[in-house]
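Peer 1:
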Amino acid sequence: MKISVIIPTYNCSALLAASLRALQRQTLPRAQFDVIVCDDGSSDDTAQVAAGFSGSFALRYLWQADLGFRAATALNLGE
């Protein structure tokens, strides 16, 4: 079984960091899950935060220009 954790975000780097730290503490083997961060055009340090966790588990960072709230589109990018 493999699980994909999809995290949509916009200018919430502190919350993203907290979420990724929680995933680091999971007891599920790292090969059993991956993380997809969907960034809706953040202008803060969200990209740097995601990059800082890239060695912790399989992590993909997807960025799209901010065209307003589109959580569904951000989630679909992860598929």
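Those letters in the sequence shown? Residues -8 to 70, per the working numbering, in order.
Here a beta-carbon is modelled for each residue, glycine too, at the ideal position from N, C-alpha and C.
In this text, all values refer to a predicted model and were calculated from it rather than measured experimentally.
(1) By the three-class DSSP mapping on this structure, what secondary structure does Thr37 have?
(2) Rank Arg16, Leu58 and Ala56 by C-alpha distance to the C-alpha of Phe24 and give the top, closest one.
(3) Taking buried to mean at least 16 other C-beta atoms within 10 Å of its own C-beta, is Leu19 buried or exposed?
(4) Compute the Euclidean distance between the alpha carbons of Lys(-7) and Leu7, then round it to the nearest angstrom.
(5) The beta strand (DSSP E) spanning Ser(-5) covers which residue range?
(6) Return the first residue and the last residue of the beta strand (DSSP E) that Leu53 is part of.
(7) Under 8 Å Cβ to Cβ from Ser10, same chain only, skipping five residues before and after it: list those, please.
Peer 2: Reading from the atomic positions:
(1) helix
(2) Arg16
(3) exposed
(4) 22 Å
(5) Ile(-6) to Thr0
(6) Ala49 to Trp54
(7) Non-local C-beta neighbours of Ser10 in its own chain, meaning closer than 8 Å and more than five positions away in sequence, comprise Ile(-2), ordered along the chain.
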